[in-house]
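Residue numbers (this note's numbering): 18 to 302.
Reviewing the structure listed below.
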């Protein structure tokens with residue numbers, strides 16, 4: 018026999034009866050709720066990338082660098098045409114007086130293009146150096162190797178005379194080599210597009226130095242020859258800017274290929290035809 022101790026009735030307090038609250042309608046908010054499903058169609062989630070990711074930084078710069086490069090090419094081409102027009106006026110001035118309107122228009126066009134082109138060139142130069150630094154680091158991370166040049170060396174290679182003839186092309190060749198996926202043990206072999214850009218870049222740098230030194234000369238013939246040199250320099254700069262835009266876009270796409278687009282196809286299956294008797298026709302072998 019087992020004894021169980023229980024309290025006498027009436028000692029334990031009774032449980033309070035729960036009173037249900039009266040329904041007062043749907044909830045109200047002081048502001049628009051931010052929870053719920055986002056607007057728009059569903060998209061596959063993209064991998065989270067850190068703010069210091071060099072590849073993300075390079076892709077961000079391309080959105081501003083490429084349009085500015087094309088704008089620089091257009092302005093440089095306009096400046097080259099203005100210099101050619103000025104040279105034609107110089108040749109025509111040997112036989113007689115020139116119309117004041119033509120001379121004023123030529124001077125205004127040369128001055129405008131000569132002011133806008135250096136500003137665009139400076140902005141594009143800064144963005145190009147930043148893109149090269151980030152793209153070189155992204156290429157090294159992709160190949161899982163240590164960058165062959167420091168960021169400081171890349172910057173100096175763009176701006177120091179003499180070094181800017183070889184280092185920019187070498188850095189871009191290394192970026193292309195890693196972006197294609199070739200092993201790091203092989204020596205980079207630049208593509209034809211990169212070799213063409215390298216040649217244009219060297220010609221533009223050398224021609225810029227020649228124009229700068231030629232501007233120190235005095236005399237009417239020296240000024241006339243300077244107009245021809247300026248026209249040639251502007252033309253080479255326009256071509257170089259256009260080729261640079263295409264090269265930067267190609268290298269960026271090689272480093273970060275865009276995800277393939279997914280297409281949703283809606284297919285409609287027609288129901289089988291029904292005969293007059295209401296039964297589907299039998300299949301014949």
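Ideal Cβ positions, reconstructed from N, Cα and C, are used throughout, including at glycine.
- Message: So, at 7 Å on beta carbons, what are the nonlocal neighbours of residue 208 in its own chain, with the 5 sequence-adjacent residues on each side left out?
- Response: Position 191 of the chain shown holds residue 208. The beta carbon of residue 208 is closer than 7 Å to those of 193 in its chain, skipping five residues each way along the sequence.
- Indicate whether the contact test is met: 3 or more Cβ pairs, each with one atom in the region 163–180 and one in the region 227–241, closer than 8 Å. With the cut-off at 8 Å, the region 163–180 and the region 227–241 do not touch.
- CA-to-CA distance, residue 41 to residue 20, given in whole angstroms: Looking up residue 20 in the chain shown gives position 3. Looking up residue 41 in the chain shown gives position 24. One C-alpha to the other measures close to 53 Å.
- Item | residue 141 beta carbon less than 8 Å from that of residue 180 | The residue given as residue 180 occupies position 163 in the chain shown. The residue given as residue 141 occupies position 124 in the chain shown. Not in contact: residue 180 and residue 141 (Cβ atoms no closer than 8 Å).
- Assign residue 65 to one of two classes, buried (16 or more other C-beta atoms within 10 Å of its C-beta) or exposed (fewer than that). Within the chain shown, the letter at position 48 stands for residue 65. With a pLDDT of only 48 at residue 65, under the threshold of 50, the placement of this residue in the model should not be trusted; the figure read from the coordinates follows. Classification for residue 65: exposed.
- Task: Buried or exposed for residue 200, please, with buried defined as at least 16 other CB atoms from any protein chain shown within 10 angstroms of its CB.
- Result: Start at 1 with the first residue of the chain shown, and residue 200 comes out as number 183. Exposed is the label assigned to residue 200, since fewer than 16 other Cβ atoms lie within 10 Å of its Cβ.
- Quick one: Cα of residue 88 to Cα of residue 43, how far? Numbered from 1 along the chain shown, position 71 holds the residue referred to as residue 88. Numbered from 1 along the chain shown, position 26 holds the residue referred to as residue 43. Between residue 88 and residue 43, the C-alpha separation is close to 57 Å.
- Where does the unbroken alpha helix (DSSP H) through residue 174 begin, and where does it stop? For the purposes of this step, residue 174 is taken as residue 157 along the chain shown, with counting starting at 1. Per DSSP, residue 174 belongs to the alpha helix (DSSP H) from 168–176.
- Roughly how many angstroms separate the alpha carbons of residue 172 and residue 114, rounded to a whole number? Residue numbering aside, residue 172 sits at position 155 when the chain shown is read from its first letter. Residue numbering aside, residue 114 sits at position 97 when the chain shown is read from its first letter. Residue 172 and residue 114: Cα-Cα distance of roughly 50 Å.
- Task: Determine, using beta-carbon pairs with one atom in the region 256–276 and one in the region 108–124, whether at least three such pairs fall under 8 Å.
- Result: The region 256–276, when compared against the region 108–124, does not touch it at the 8 Å Cβ threshold.
- Task: Count the other CB atoms, across all protein chains shown, that sit within 10 Å of the CB of residue 59; report buried if there are 16 or more and exposed otherwise.
- Result: For the purposes of this step, residue 59 is identified with residue 42 of the chain shown, where counting begins at 1. That one is exposed.
- Query: Looking only at its own chain, which residues have a Cβ that is under 6 Å from the Cβ of residue 159, when we skip the five neighbours before and after it?
  - Reply: By one-based count along the chain shown, residue 159 stands at place 142. These residues qualify, in order along the chain: 195.
- Query: So residue 251 and residue 93 are in contact, right, with Cβ under 8 Å, and what is the actual spacing, rounded?
  - Reply: Stepping through the chain shown from its first residue, residue 251 is reached at position 234. Stepping through the chain shown from its first residue, residue 93 is reached at position 76. Yes, residue 251 and residue 93 are in contact; Cβ-Cβ is about 5 Å, under 8 Å.
- Task: Let me know if residue 257 comes out buried or exposed under the rule of 16 or more other beta-carbons within 10 Å of its beta-carbon.
- Result: Against the chain shown, residue 257 aligns to sequence position 240. Counting C-beta atoms within 10 angstroms of its own C-beta, residue 257 has 16 or more neighbours from the protein chains shown and is therefore classed as buried.
- Would you tell me roughly how many angstroms separate the C-alpha atoms of residue 83 and residue 259, rounded to the nearest one? The count along the chain shown starts at 1 and reaches residue 83 at position 66. The count along the chain shown starts at 1 and reaches residue 259 at position 242. Taking the CA atoms as reference points, residue 83 sits about 9 Å from residue 259.
- Message: Between 32, 116, 79, 22, which has its C-alpha nearest residue 147's C-alpha?
- Response: By 1-based counting over the chain shown, the position of residue 147 is 130. Minimum Cα distance to residue 147 is reached at 79.
- Just to confirm, are residue 227 and residue 104 a CB contact at a threshold of 8 Å? Counting from one through the chain shown, the residue named residue 227 turns up at place 210. Counting from one through the chain shown, the residue named residue 104 turns up at place 87. The answer is no: Cβ separation not under 8 Å.
- Among residues of its own chain, excluding the 5 on either side of residue 95, which ones have a beta-carbon nearer than 7 Å to its beta-carbon? For the purposes of this step, residue 95 is taken as the residue at position 78 of the chain shown. Only 130 meet the Cβ criterion.
- Exposed unless 16 or more other CB atoms sit within 10 angstroms - verdict on residue 188: As a position in the chain shown, residue 188 is number 171, starting the count at 1. By the neighbour-count criterion, in which 16 or more other beta carbons inside 10 Å mark a residue as buried, residue 188 falls on the buried side.
- Item | Contact set for residue 254: own chain, Cβ-Cβ below 7 Å, skip 5 residues either direction | Locating residue 254 in the chain shown gives position 237, where the first residue counts as 1. Here the set comprises 93, 221.
- Is the beta carbon of residue 156 sitting closer than 8 Å to the one on residue 272? To locate residue 156, count along the chain shown from 1; it is residue 139. To locate residue 272, count along the chain shown from 1; it is residue 255. Their beta carbons are under 8 Å apart, which means residue 156 touches residue 272 by this criterion.
- Message: What residue range does the alpha helix (DSSP H) around residue 76 cover?
- Response: Translated into the one-based positions of the chain shown, residue 76 becomes position 59. Residues 71–109.
- Message: Using 8 Å as the threshold, is the C-beta distance between residue 101 and residue 248 below it?
- Response: Position 84 of the chain shown, counting from 1, holds the residue named residue 101. Position 231 of the chain shown, counting from 1, holds the residue named residue 248. In this structure, residue 248 lies closer than 8 Å to residue 101 by Cβ.
- Return the chain-ordered list of same chain residues with a C-beta closer than 8 Å to the C-beta of residue 144, the five sequence neighbours on each side being excluded. As a first step, residue 144 must be located in the chain shown, where it is residue number 127. Within the same chain, residue 144 has close Cβ partners 78, 81, 82, 85.
- Message: Can you find the residues in the same chain that come closer than 8 Å, C-beta to C-beta, to residue 231, ignoring five residues on each side of it along the sequence?
- Response: Mapped onto the chain shown, residue 231 falls at position 214. Closer than 8 Å at the Cβ level, and outside the excluded window around residue 231, lie 239, 242, 243, 246.
- Put residue 67 into one of helix, strand or coil per three-state DSSP. For the purposes of this step, residue 67 is taken as the residue at position 50 of the chain shown. Confidence at residue 67 is low in this model, with a pLDDT of 43, below 50, so its placement is unreliable and the value that follows should be read with caution. In this structure, residue 67 counts as coil in the three-state DSSP scheme.
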